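Numbering (my numbering), first residue to last: 4 to 300.
Just so it is clear, CB atoms sit at the ideal spot from N, CA and C, and this is done for glycine as well.
For clarity, every value in this text was computed on a predicted model and none was experimentally measured.
First the structure, in the form of structure tokens, and then the observations on it.
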Amino acid sequence: MSSFEQWAQSCSQQLENAISKRLPSGEQFPQRLHQAMRYAALNGGKHFRPLLIYATAAALDLPRERVDSLAAAIELIHAYSLVHDDLPAMDDDDLRRGKPTCHKAFDDATAILAGDALQALAFRILSADDALTDDPAVRVRIIRHISDAIGSHGMAGGQAIDLESEGKSLNAAELEAMHIHKTGALIRAAVVTTAYCAPDVTRAQEEALDHFAKCVGLAFQIHDDVLDETGDAEEMGKTVGADRARDKNTYPNLFGLSESRSMARSLIDDARASLHDLGAKAEYLHLLAEFVISRRG
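So this is what it looks like as structure tokens:
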């Protein structure tokens, strides 16, 4: 196992501990709702967004424990978004990370409520965890940024564009805007809000990290589009070919596989170049950027 893999495994374990202790017990009333919340939030996965948080913290000399609550909150928001995305009224998926999706393991109504409750818990964590920051203005800035990233001008808006455009053709600018909102906004928020927690961060560093995250977020979704065409269902833990089956707008559909891969590669190169002034401390950010376009699931 490489040193990067050891670091990522250690971060994932720390994250799961942070999430588990903040979630209600499955034995606590109402049990079925709490069991669904735990099922959705502790269902494995790459933990990519929290890893970005821990890597950004390392680049800015922040202790990992300082950003545990931020990492947990971002992962809970991501989990809620997947629960809702998988519903029959949205992407109608039966498999997530090799297991039945939340609405299949429980039922549609419980899945909706579990997603709602996970989002609410995320903001409860952000508003109350003293380790995150002792500056009320910074806390408000973090909450405002994440709220914007997942609302109608962010993740929810991107999903709305995705649903409304099924069977229609988007041009390149529209497709990029959809992906920047649907996937990129929360990835960007993970990095930028971590920078807000660093007392000595400079404006130039914030801007560099924001540019890094914007490029990585778009590359992540482009590579997801590629994997939907070329990936292995067992390896990915979810159904492949669903985008084409639903006549969705994707980069391979618009540009072809080869050009899509090239675009993702260029975005990662651009992202990594923006980290130059952070030096060796940004090592894990560089490695995560490369992971985006090398992953097979």
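(1) Can you name the residues that DSSP bridges to Lys24?
(2) For Glu210, which of Gly220, Val194, Gln224, Ala125 has the nearest alpha-carbon?
(3) Determine the contact status of Leu295 and His226, defining contact as a CB-CB distance below 8 angstroms.
(4) Please name the residue in Ala198, Tyr254, Tyr42 whose C-alpha comes closest to that of Leu79.
(5) Give me, in chain order, the residues of the same chain whose beta-carbon lies closer than 8 angstroms to that of Gln12; leave out the 5 immediate sequence neighbours on both sides.
(6) So within the region 135–198, which uninterrupted alpha helix (DSSP H) runs reach at least 4 residues, ignoring any that extend past its ends?
(7) Residue range of the alpha helix (DSSP H) that Lys107 falls in?
(8) How close, in whole Å, do the beta carbons of Pro103 and Asp97 come, if the pair is a contact with beta carbons under 8 angstroms?
(9) With DSSP as the reference, please indicate the residues paired to Leu124 in a beta bridge.
(10) Candidates Ala61, Thr136, Leu278, Leu230: which alpha carbon is nearest Asn303's?
(11) Can you tell me whether DSSP reads Arg206 as helix, strand or coil?
(12) Look at the alpha carbon of Arg298 and the alpha carbon of Leu291, and state the distance between them as a whole number of angstroms.
(13) Between Leu73 and Thr197, which are expected to be in contact by the criterion C-beta below 8 angstroms, what is the C-beta distance as a whole number of angstroms?
(14) Can you tell me which of the three DSSP states Arg299 falls into?
(15) When we look at the beta-carbon of Asn20 and count the other beta-carbons within 10 Å, is it buried (16 or more) or exposed?
(16) With 16 other CB atoms within 10 Å as the buried threshold, where does Gly118 fall?
(17) Spatial neighbours of Tyr254 within its chain, please: C-beta separation below 6 angstroms, excluding the five flanking residues on both sides.
(18) Ala62 and Ile281 - do their beta-carbons sit closer together than 8 angstroms?
(19) Return the CA-CA distance between Leu189 and Asp64, expressed in angstroms with no decimal places.
For this structure:
(1) The count along the sequence shown starts at 1 and reaches residue 24 at position 21. Bridge partners of Lys24: none, in fact.
(2) Locating residue 210 in the sequence shown gives position 207, counting from the first residue. Among Gly220, Val194, Gln224, Ala125, the Cα nearest to that of Glu210 belongs to Val194.
(3) Within the sequence shown, numbered from 1, the residue matching residue 295 stands at position 292. Within the sequence shown, numbered from 1, the residue matching residue 226 stands at position 223. Position check: residue 295 holds Val in this sequence, whereas Leu was assumed. Yes, they are a contact pair.
(4) Here residue 79 refers to the residue found at position 76 of the sequence shown. Residue Tyr42 is the option with its Cα nearest to Leu79.
(5) Taking the sequence shown and counting its residues from 1, one reaches residue 12 at position 9. Here the set comprises Met4.
(6) 139–153, 158–167, 175–182
(7) Here residue 107 refers to the residue found at position 104 of the sequence shown. Its alpha helix (DSSP H) spans residues 105–108.
(8) Walking along the sequence shown from the start, residue 103 turns up at place 100. Walking along the sequence shown from the start, residue 97 turns up at place 94. Sure, about 7 angstroms apart at Cβ, within 8 angstroms.
(9) Start at 1 with the first residue of the sequence shown, and residue 124 comes out as number 121. BP columns for Leu124 are empty, so no partner.
(10) The shown model of the chain, from 4 to 300, leaves out residue 303, and the question about it has no answer.
(11) Residue mapping note: residue 206 aligns to position 203 of the sequence shown, counting from 1. Note: Arg206 maps to helix in three-state DSSP.
(12) Within the sequence shown, the letter at position 295 stands for residue 298. Within the sequence shown, the letter at position 288 stands for residue 291. If I take the Cα positions, the gap works out to 10 angstroms.
(13) For this step, residue 73 is matched to residue 70 along the sequence shown. For this step, residue 197 is matched to residue 194 along the sequence shown. Between Thr197 and Leu73 the Cβ distance is about 6 angstroms, and since that is below 8 angstroms, they are a contact.
(14) Locating residue 299 in the sequence shown gives position 296, where the first residue counts as 1. In the structure shown, Arg299 sits in coil (DSSP, three-state: anything other than H, G, I, E or B).
(15) Residue 20 sits at position 17 when you count from the first residue of the sequence shown. By the neighbour-count rule (16 or more Cβ atoms within 10 Å), Asn20 is not buried but exposed.
(16) Position 115 of the sequence shown, counting from 1, holds the residue named residue 118. Buried is the call here.
(17) The count along the sequence shown starts at 1 and reaches residue 254 at position 251. Excluding sequence neighbours, Tyr254 sits near Ile225, Asp228, Ser263.
(18) To locate residue 281, count along the sequence shown from 1; it is residue 278. To locate residue 62, count along the sequence shown from 1; it is residue 59. Going by the sequence as given, residue 281 is Leu instead of Ile. Closer than 8 angstroms, so yes.
(19) On the sequence shown, position 186 is the one that residue 189 refers to. On the sequence shown, position 61 is the one that residue 64 refers to. So the two alpha carbons sit approximately 22 angstroms from each other.
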